[in-house]
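Take a look at the structure below.
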Amino acid sequence: MSDKTFDIQTRLLHHKYKTDPHNGAVSVGVQHASTFHQESLDTFGEYDYARSGNPTRQALEEIFAELENGTASYAFASGMAAISTTFMLLSAGDHLVITDDVYGGTFRMTTEVLTRLGIEHTFVDMTDAENVRQAMKDNTKMIFMETPSNPTMKITPVEEIVALAQKAGCLTVLDNTFMTPVLQRPLDLGVDIVVHSATKFIGGHSDVVAGLAAVKDETLSQRFKFLQNSFGAILGPDDCWLIMRGLKTLHTRMTASQKVAENLALWLNEQPEVQSVYYPGLKDHPGFELNKKQSDGPGAVLSFELADRETVNRFAQAVTIPVFAVSLGAVETILSYPAKMSHAAMPDHERAKRGITDGLLRVSVGLESEDDLKQDFRQAFDRLSLN
Ligand SMILES: *Cc1c(COP(=O)(O)O)cnc(C)c1O
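Just so we're aligned: 127 in numbering that gives the first Met the number 0 is position 128 of the sequence shown, and the numbers increase by one with no gaps anywhere.
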């Protein structure tokens, strides 16, 4: 059994699955079986069919539940599969309050799928709980948060919103992809369901697409298990193994990347080519104090604004270290262009309202040297003024 008194970096390594009870292996075995032999008509074993349960997936799910301080977690084929399955807790006629700069895929699911299923929504700026209170209706059944938000890194007052939800008897969900349980544990703040794109920091190596959802409440856990099995968007055993491998270094990677992100944000703030920097670790960020209170750090993702689309294009071509790509949370630094990548699913006018301008670039800091990154960015800025 794991010991909750250990720090998270220890708990990432020392848990119920750290060695195999049958052979001592220091890595969880990958079980590919899709079905399991049963003793008789009356005695079914622990597993019957692998959509319903698989030993490798179960190991990941139990390890991850413990990290989020939950009672159960469920592994899905992608972050969107985890989020879409969570939305299946809603029924036609229900209303969802959702943060306005939510991940582009969640925006698309909400506006183009849930709407068609008769589930209404209201987007609100969740930096102020009062906006949430005003948006709530008699049929509001779920509040969906994402903090820090993507890509402008706005901070949501989680406990204030949880209090509103609890009074109204509705569920709260928090997309914790940017922080991971190393930096933020939403269940401890009273949130009902934590969702993740494990494709990002948790996997950490740009080699697996996966999703996770964790809960504390036992009844909710049963509902989730039912939905995971019914919807069927489960994570395969090989990918479960990759996620478990990623978890082992999660604390080390988050801490190292965050440290460089903090210094890079300060440095970017001083470069004349940069119009603004969005990072909750900067003292002048409006969410700085709140983020410090409800999490253990500002994370490793930041955004900054250059003059316009053409400047961004030239900068992205001039840098040599970062990968210019969709995604974040990897060992290599990833530079992305939210307007055409994470938020491509959002119409232009909706993006403009959220400050996702044509000059905005997002950086997810990897494990490279801080000096190398700064030098690379500086030479790219220098080349902007050359024609
Ligand atoms: C990437 C991402 C998702 C979607 O996850 P996938 O694994 O790509 O399906 C959801 N939320 C956030 C914040 C993300 O960055």
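We put the CB at the ideal spot given by N, CA and C, even for glycine.
If you run the structure through DSSP and keep just helix, strand and coil, what is residue 237? Working through the sequence shown from its first residue, we reach residue 237 at position 238. Residue state, collapsed to three classes: helix.
Specify the secondary structure class of residue 318 as computed by DSSP and reduced to three states. Walking along the sequence shown from the start, residue 318 turns up at place 319. Coil at residue 318, not helix or strand.
Neighbour-count burial assignment, residue 111, 16 or more Cβ in a 10 Å radius: Here residue 111 refers to the residue found at position 112 of the sequence shown. It is exposed - the Cβ of residue 111 has fewer than 16 other Cβ atoms within 10 Å.
Pair within 8 Å by beta-carbon distance, residue 305 and residue 274: Indexing the sequence shown from 1 puts residue 305 at position 306. Indexing the sequence shown from 1 puts residue 274 at position 275. Against a cut-off of 8 Å, the Cβ pair of residue 274 and residue 305 comes out as a contact.
Which runs of the beta strand (DSSP E) fall wholly inside the segment 247-326 and span at least 3 residues, in chain order? 275-277, 300-304
Sorted by chain position, which residues of the same chain lie with C-beta nearer than 6 Å to residue 19's C-beta, five sequence neighbours on each side aside? Counting from 1 along the sequence shown, the entry for residue 19 is found at position 20. If we look at residue 19 and ignore the five residues flanking it on each side, it has no Cβ neighbours.
What do you get for residue 2, buried or exposed, if any count of 16 or more other CB atoms within 10 angstroms of its CB means buried? Taking the first residue of the sequence shown as position 1, residue 2 is located at position 3. A caution first: residue 2 carries a pLDDT of 49, below 50, which makes its placement in the model unreliable, though a value can still be read off. Exposed is the call here.
The segment 377-384 / the segment 353-360 touching (three or more Cβ pairs under 8 Å): no
The alpha helix (DSSP H) enclosing residue 19, as first and last residue numbers: Taking the first residue of the sequence shown as position 1, residue 19 is located at position 20. No alpha helix (DSSP H) holds residue 19; DSSP gives it neither H nor E.
Smallest Cα separation from residue 362: which of 145, 202, 257? The residue labelled residue 362 in the question sits at position 363 within the sequence shown. Of 145, 202, 257, the residue nearest in Cα terms is 257.
What distance in whole Å lies between the Cβ atoms of residue 95 and residue 62, which are believed to be in contact at a cut-off of 8 Å? Here residue 62 refers to the residue found at position 63 of the sequence shown. Here residue 95 refers to the residue found at position 96 of the sequence shown. With a Cβ gap of about 30 Å, residue 62 and residue 95 do not count as contacting.
DSSP bridge partner residues for residue 98 (one or two, in chain order): The residue given as residue 98 occupies position 99 in the sequence shown. Its beta-bridge partners are 123.
Closer than 7 Å: residue 322 CB and nearest ligand 1 heavy atom: Mapped onto the sequence shown, residue 322 falls at position 323. No; taking the cut-off as 7 Å, the Cβ of residue 322 has no heavy atom of ligand 1 nearer than that.
Going by Cα to Cα distance, which pick from 321, 115, 165, 335 is closest to residue 407? Not covered by the structure: residue 407. The range shown for the chain is 0 to 386.
Boundaries of the alpha helix (DSSP H) in which residue 105 is found, first to last residue: What you label residue 105 is simply residue 106 of the sequence shown in a count that begins at 1. 103-107 is the span of the alpha helix (DSSP H), which, as asked, contains residue 105.
Uninterrupted beta strand (DSSP E) stretches inside the segment 21-72 (no shorter than 3 residues): none
Indicate the three-state DSSP secondary structure (helix, strand or coil) for residue 148 in the structure shown. Taking the first residue of the sequence shown as position 1, residue 148 is located at position 149. Of the three classes helix, strand and coil, the one that applies to residue 148 here is coil, per DSSP.
Tell me residue 335's beta-bridge partners as DSSP assigns them. Along the sequence shown, read from residue 1 onward, the residue named residue 335 stands at position 336. Residue 335 pairs with 361.
Same chain, Cβ closer than 8 Å to residue 147, neighbours up to 5 away in sequence not counted: Here residue 147 refers to the residue found at position 148 of the sequence shown. Within the same chain, residue 147 has close Cβ partners 153, 154, 177, 178, 279, 286, 290, 297, 298, 300.
What do you get for residue 145, buried or exposed, if any count of 16 or more other CB atoms within 10 angstroms of its CB means buried? Locating residue 145 in the sequence shown gives position 146, where the first residue counts as 1. With 16 or more other Cβ atoms within 10 Å, it is buried.
Quick check: does the Cβ of residue 319 come within less than 7 Å of any heavy atom belonging to ligand 1? Within the sequence shown, numbered from 1, the residue matching residue 319 stands at position 320. No, the Cβ of residue 319 stays beyond 7 Å of every heavy atom of ligand 1.
Is the distance from the Cβ of residue 170 to the Cβ of residue 141 below 8 Å? Walking along the sequence shown from the start, residue 170 turns up at place 171. Walking along the sequence shown from the start, residue 141 turns up at place 142. Cβ atoms of residue 170 and residue 141: closer than 8 Å.
Tell me whether residue 157 counts as near ligand 1, meaning its Cβ is closer than 7 Å to at least one heavy atom of that ligand. What you label residue 157 is simply residue 158 of the sequence shown in a count that begins at 1. No, the beta carbon of residue 157 sits no closer than 7 Å to any heavy atom of ligand 1.
Helix, strand or coil: which one does DSSP assign to residue 201? Your numbering for residue 201 matches position 202 in the sequence shown. Coil at residue 201, not helix or strand.
Within the same chain, show all residues whose beta-carbon is closer than 8 Å to that of residue 247, passing over the 5 residues directly before and after it, in chain order. Within the sequence shown, residue 247 is the residue found at index 248, counting from 1. 11, 12, listed in sequence order.
Rounded distance between the beta-carbons of residue 263 and residue 310, thought under 8 Å: Your numbering for residue 310 matches position 311 in the sequence shown. Your numbering for residue 263 matches position 264 in the sequence shown. Rounded, the Cβ-Cβ distance is 19 Å, inconsistent with contact.
Helix, strand or coil at residue 243 [DSSP, three-state]: For the purposes of this step, residue 243 is taken as the residue at position 244 of the sequence shown. It is helical.
List the residues that DSSP assigns as beta-bridge partners of residue 229. One-based indexing of the sequence shown puts residue 229 at position 230. None, per the DSSP bridge assignment.
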